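Q: For the sequence shown, the residue numbers in mature numbering (1 follows the signal peptide of the UniProt record, and there is no 0) are -21 to -1, 1 to 378.
Positions of the beta carbon are idealized from the N, C-alpha and C atoms, including for glycine.
Nothing here was measured: the structure is a model prediction, and the numbers come from that model.
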Amino acid sequence: MKTKAFSSLLVLATIISSAEGMFRFDCFNNLVVDRVDPIVSQGEASGHLHAISGGNGFSKNADGPAMKASTCTSCPIGADLSAYWVPQLYVKFKNGTGYGLVESHQIVYYEPRPTGDEKVLAFPDGLKMLAGNPKLREKGDSIEEKAITWVCLDYDNPHPEQQGIPNFKCPNGLRGQVNFPMCWNGVDLDSPDHKSHVAYATGLDGGSCPDGWKKIVKIFYEAFYSVDQYDDEWDGDQHPFVLANGDRTGFSFHGDFLNGWDVDILQAAVDQCADKNYFNSVECPPLSASFSDKAPETRCMTQPEIVEDAMTVSALPGNNPVDGEIVNPSGSQATSFSNSTSSSGSARSADTTAIDTPGQVNGGNSVAGEADEVTSVPKSPESPSSPNVANCKSKSRRA
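#1: Going by DSSP, what residues sit across from Thr291 in a beta bridge?
#2: Which runs of the beta strand (DSSP E) at least 3 residues long sit entirely within the region 177 to 206? Give them in chain order.
#3: Any chance you could list the beta strand (DSSP E) runs of at least 3 consecutive residues sitting entirely within the region 92 to 173, in chain order?
#4: What number of angstroms, rounded off, separates the C-alpha of Lys193 from the C-alpha of Asn9?
#5: Would you mind giving the Cβ-Cβ distance between Ala58 and Ile244, rounded to the nearest angstrom? I have them listed as a contact below 8 Å.
#6: Report the CB separation of His29 from Val65 in whole angstroms; it is logged as a contact under 8 Å.
#7: Could you pull the start and end residues of the beta strand (DSSP E) that Leu68 belongs to?
#8: Grouping DSSP H, G and I as helix and E and B as strand, with all else coil, what is Val15?
#9: Among all the DSSP beta bridges, which residues are the ones paired with Leu237?
#10: With distance defined between alpha-carbon atoms, name the residue in Asp190, Arg116, Gly143, Asp135 nearest to Trp129.
#11: How would you write the range of the alpha helix (DSSP H) that Ile244 sits in, first residue to last?
#12: Looking at C-alpha atoms only, which residue of Asp190, Gly111, Ala45, Ala202 is the closest neighbour of Cys131?
#13: For the alpha helix (DSSP H) that Ser267 lies in, which residues bound it at each end?
#14: Considering Cα atoms alone, identify which of Gln67, Gln141, Ile122 is closest to Glu82.
#15: In whole angstroms, what is the alpha-carbon distance linking Gly119 and Ala268?
#16: Pull up the distance between the alpha-carbon of His218 and that of Lys114, whole angstroms please.
#17: Consult DSSP for Gln282 and reduce its assignment to one of helix, strand or coil.
#18: Could you check if Asp5 is buried or exposed, using at least 16 other CB atoms within 10 Å of its CB as the buried criterion?
#19: Ignore the nearest five residues each way along the sequence and tell me which others in Asn224's own chain have a CB closer than 7 Å to its CB.
#20: Label Ser49 either buried or exposed according to how many other C-beta atoms from any shown protein chain fall within 10 Å of its C-beta, with 16 as the threshold for buried.
#21: Which of the three DSSP states is assigned to residue 443 in this structure?
#22: Are Met280 and Ser53 close, meaning C-beta to C-beta below 8 Å?
#23: For Tyr78 and Lys174, I'd like the C-alpha separation in whole angstroms.
#24: Give every residue of the same chain whose Cβ lies closer than 6 Å to the Cβ of Leu106, excluding the five residues on either side of it in the sequence, and list them in chain order.
#25: Within the chosen definition, does the region 245 to 265 reach the region 154 to 172 through at least 3 CB pairs nearer than 8 Å?
#26: On the DSSP bridge list, what partners appear for Ala223?
#27: Secondary structure at Gln217, three-state DSSP: helix, strand or coil?
#28: Can you look up Gln208 in the DSSP assignment and give me helix, strand or coil?
#29: Rank Asn151, Glu124, Ile127, Asn146 by C-alpha distance to the C-alpha of Asn136 and give the top, closest one.
#30: What distance in whole Å lies between the Cβ atoms of Val70 and His212, which are believed to be in contact at a cut-off of 8 Å?
#31: Would you tell me roughly how many angstroms separate the C-alpha atoms of Leu109 and Ile122, rounded to the nearest one?
#32: Hey, quick one: how far does the alpha helix (DSSP H) through Gly43 stretch, first residue to last?
#33: Taking the continuous beta strand (DSSP E) assigned at His29, which residues delimit it?
#34: Candidates Asp226, Gly234, Arg154: which alpha carbon is nearest His84's?
Put into structure tokens, the structure is as follows:
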């Protein structure tokens, strides 16, 4: 069976290699897990917890200049000080005691998708984007809804991607996927709904933009979760997983992006590395100079701004009710802002410095954004054991 699965992966790799190219990188770790979101909830606590990767300029007040002032990043490209985040996943314990945080790991893909000879652009300084609908609870047919998918990883019995969390066990991990828009109106760095300034092309993996709009490089997130350790938490044939916003369906999975790239380097990578698949981004020449593979003890992490229990909890952070259930008011959790938070949104000091970041800090003219949710919570003794994400991250969608 493993031979058959491996053959299927080879066929997939062959199909991909004959299409447009891409480059990707595997973020070492989450920068932080926190209940902030500078795009949606600027300057205040967000409604739900997020897992954040990227530059340590991230905070509840972060904008483009703040990200470019980062002193390290949890991802391997020093020229990229962007922030990438998704909602946190939890497991609901069958014994009724509460929820456990499921640790995650992200891979980010950059996919230039020109139509004909059109120019694909790097993101402008300070661009903000939100992909997905945090309020969605049922399957939809729009391209925005189809842009969010899940994959149950089972190398002996491969499953196709689907909308919503699969309701069957995944021995090799669970993967959440976010396809971002690849069209930009050429003017705005943000919009009131954080979506209207960008748009999907006529297809998720290519196609035409609206008339007069610019084609930008597409980004695609993969968030990996090692879930087989929670097989005993299933209630019959119902999976035990819930997103931090209280959604058990997974339809509300979403991704946020705040640009912190050295735009010239990103443009060079888009121009020069679209000819094939660079599964190791160090092989893409414009990225190699700032690529770093840091040891765990020197990686970039920050402390959460919202001080609250997040690892093993009786109620979801923010006291979010799980869909179809009622939260006991006595289960609400006390929260406060960390004293270390900078109101200016400048780079906060990291626990450890990961990557030297070349280039100068550019001011830019970014639209004022809302604070991202950062997550980096120390594990409590009674929390579930850390998942082994190494096994599930090796078999990504694009590999």
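A: Taking the definition as stated:
#1: Gly79
#2: 197 to 204
#3: 107 to 110, 127 to 131, 153 to 158
#4: Looking at the backbone, the Cα of Lys193 and that of Asn9 are separated by about 31 Å.
#5: 4 Å
#6: 6 Å
#7: 68 to 71
#8: The answer is coil: DSSP assigns Val15 none of H, G, I, E or B.
#9: Ala62, Lys107
#10: Gly143
#11: 242 to 251
#12: Ala202
#13: That run of the alpha helix (DSSP H) goes 264 to 267.
#14: Gln67
#15: 43 Å
#16: In a straight line, the C-alpha of His218 is about 20 Å away from that of Lys114.
#17: coil
#18: buried
#19: Gly26, His27, Pro66, Pro113, Ser231, Asn299
#20: Buried, since its Cβ has 16 or more Cβ neighbours within 10 Å.
#21: This structure cannot settle anything about residue 443, because the visible part of the chain is limited to -21 through 378.
#22: With contacts defined by Cβ atoms closer than 8 Å, Met280 and Ser53 form a contacting pair.
#23: 32 Å
#24: Leu168, Asn238
#25: no
#26: In the DSSP output, where bridge partners are listed per residue, Ala223 has none listed.
#27: strand
#28: Gln208: helix per DSSP, three-state reduction.
#29: Residue nearest to Asn136 within the set Asn151, Glu124, Ile127, Asn146 is Asn151 (criterion: CA-CA distance).
#30: For clarity, residue 212 is Glu in the given sequence; the question names His instead. About 6 Å separates the two Cβ atoms, so the contact holds.
#31: 14 Å
#32: 43 to 47
#33: 29 to 33
#34: Arg154
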